[in-house]
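Chains as they are written, first to last, in our numbering: chain E, 5 to 270; chain V, 5 to 270.
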């Protein structure tokens, strides 16, 4: 077992080196997606696959989660729904929802009753980890894009804005081309259907402010160049309208995406 | 003046060779988009531009239409709404709606009162022509895709199915790769939100049936190869549920699309 670098307070997460099933379910994926976390006396383990046709609208691609916690199937469903809404339902690779999306959770009860809050925390962590791995492994992707929308009037508004940006072909191509195209981002916000005021929006690439109160700030080329060297890009949108937040995960759109999607033969 | 080959019964359509304004409004467009039709004693002339960020949701990109027919502004608005819903609002290049979509019609009344039905016919023809020219000239496009959906329960259902297919990145990449990927088409229908029965759907590429009653028919490779040599592809979907129909226009997604969209510098 190998310790993960990324962890959550109080959660010990592990990656198994030898899980053959995580390898066996892959199709065009470049990387295995698996995780296990241990909290108190219970464990949650999970694997997933997914690379293209990723824009989940129910649960997700293929994701199998197991735990030894003792939980009723009704409660388990509610826990999974909460986690899936934060994770699998907030990723998009190509805006094409698959007919085969699936997230399954199985509990055998061997570890006995568990603390509900901690279980939800652990499951959120596991699902978010897998969702990000799927987005990062998107067909032809060269980097993960994370869109964090702050201060929306409702959570649904925050989700709409985050998903509109992460799903825009033009935004994805601009990121592939290392261009901080705030115009395409504002355009995607405009198409999201969410409530916002143009003159209030701030847009950041990592910590660098590109747009302030809806106006271009004139970005620093050297800073943007440094930011675009990383294999993860954080886009932050501050709507300054309310108190709700959401984060969506996706990837850039590369020449390789079109090649892979075009060369497939029916 | 040069006669167009494509015409409508009773409508004489013309392309002017010397209209400099149709040239002047182009940005990344490869081709001018202009048309004039003469019906009875009145004329409708129009130009448009558009290539990327095309997924109109009100009128369209930039489209300027003029006529010498005598029509009230209220009636003119209704005529244009009807035509735009059949044309500009049924095209998609990249699913990204622009902030600057616009279709304008101006009437100076010099030709006097006109037959309303004929005027609507003429305006439909003009708008459909321009919309198709825009779809054909989509960024990086190598061919026009026309999706005709038949026998839906409502017109809205037919429109949803047609637009879902024309907007799917995976369908567009498959067409670029000359692959008759009926699976991606059925998947897009599934994501459209329209009413349908899987076991009833027929899918055709031109006259060649790929799917019958929801089942793959085993296509003829040589026939498909011939079909994919044309610079227009007609995809027909027969839902066999009702009596309504709609047609959407788009283009394939090529490596050039990503190159053009990625190399743009803010």
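The C-beta atom is built at its ideal place from N, Cα and C for all residues, glycine as well.
Proximity to residue i [Cα-Cα], best of the options
i: residue 70 (chain V); options: V:167, V:60, V:77, V:50; result: V:50
i: residue 44 (chain E); options: E:76, E:86, E:123, E:35; result: E:123
i: residue 261 (chain V); options: V:81, V:98, V:170; result: V:98
i: residue 54 (chain V); options: V:35, V:74, V:195, V:267; result: V:35
i: residue 157 (chain V); options: V:249, V:114, V:110, V:75; result: V:249
i: residue 82 (chain E); options: E:268, E:128, E:114; result: E:128
i: residue 168 (chain E); options: E:251, E:26, E:113; result: E:251
Length of the line joining the Cα atoms of residue i and residue j
i: residue 57 (chain V); j: residue 48 (chain E); result: 44 Å
i: residue 68 (chain V); j: residue 96 (chain V); result: 19 Å
i: residue 108 (chain E); j: residue 173 (chain E); result: 30 Å
i: residue 90 (chain E); j: residue 153 (chain E); result: 13 Å
i: residue 155 (chain V); j: residue 199 (chain V); result: 11 Å
i: residue 206 (chain E); j: residue 213 (chain E); result: 7 Å
i: residue 211 (chain V); j: residue 204 (chain V); result: 18 Å
i: residue 88 (chain E); j: residue 171 (chain E); result: 18 Å
i: residue 86 (chain E); j: residue 266 (chain V); result: 36 Å
i: residue 76 (chain V); j: residue 46 (chain V); result: 15 Å
i: residue 72 (chain V); j: residue 92 (chain V); result: 22 Å
i: residue 160 (chain V); j: residue 194 (chain V); result: 15 Å
i: residue 270 (chain E); j: residue 27 (chain E); result: 24 Å
i: residue 113 (chain E); j: residue 39 (chain E); result: 19 Å
i: residue 78 (chain E); j: residue 268 (chain E); result: 41 Å
Own chain, CB closer than 7 Å to residue i, minus 5 neighbours either side, in chain order
i: residue 256 (chain V); result: 145, 146, 147, 149, 176, 179, 180
i: residue 126 (chain V); result: 15, 41, 43, 48
i: residue 184 (chain V); result: 209, 214, 223, 228
i: residue 25 (chain V); result: 51
Proximity below 9 Å, CB of residue i to CB of residue j
i: residue 164 (chain V); j: residue 197 (chain V); result: yes
i: residue 101 (chain V); j: residue 60 (chain V); result: yes
i: residue 151 (chain V); j: residue 253 (chain V); result: yes
i: residue 134 (chain E); j: residue 37 (chain E); result: yes
i: residue 259 (chain V); j: residue 32 (chain V); result: no
i: residue 166 (chain V); j: residue 94 (chain V); result: yes
i: residue 66 (chain V); j: residue 29 (chain V); result: yes
i: residue 202 (chain V); j: residue 216 (chain V); result: no
i: residue 186 (chain V); j: residue 162 (chain V); result: no
i: residue 182 (chain V); j: residue 232 (chain V); result: yes
i: residue 52 (chain E); j: residue 80 (chain E); result: no
Close Cβ partners of residue i (< 6 Å) along its chain, the five nearest in sequence each way excluded
i: residue 208 (chain V); result: 240
i: residue 74 (chain V); result: 113, 116, 117
Contact test: residue i Cβ vs the ligand MN heavy atom, cutoff 8 Å
i: residue 75 (chain V); result: In terms of ligand content, the structure shown is empty, and the ligand MN therefore cannot be addressed.
Own chain residues within Cβ distance below 8 Å of residue i, not counting five before or after
i: residue 23 (chain V); result: 36, 38, 51
Three CB pairs or more closer than 8 Å across the segment 189-197 of chain E and the segment 107-126 of chain V: Flag = no, the segment 189-197 of chain E and the segment 107-126 of chain V do not touch.
The segment 225-243 of chain V in contact with the segment 236-252 of chain E per 3-pair CB rule at 8 Å: Contact annotation: the segment 225-243 of chain V does not touch the segment 236-252 of chain E, with fewer than three C-beta pairs closer than 8 Å.
Contact between the segment 218-234 of chain E and the segment 127-139 of chain E (3+ Cβ pairs under 8 Å): Counting Cβ pairs under 8 Å, fewer than three are found: no touch.
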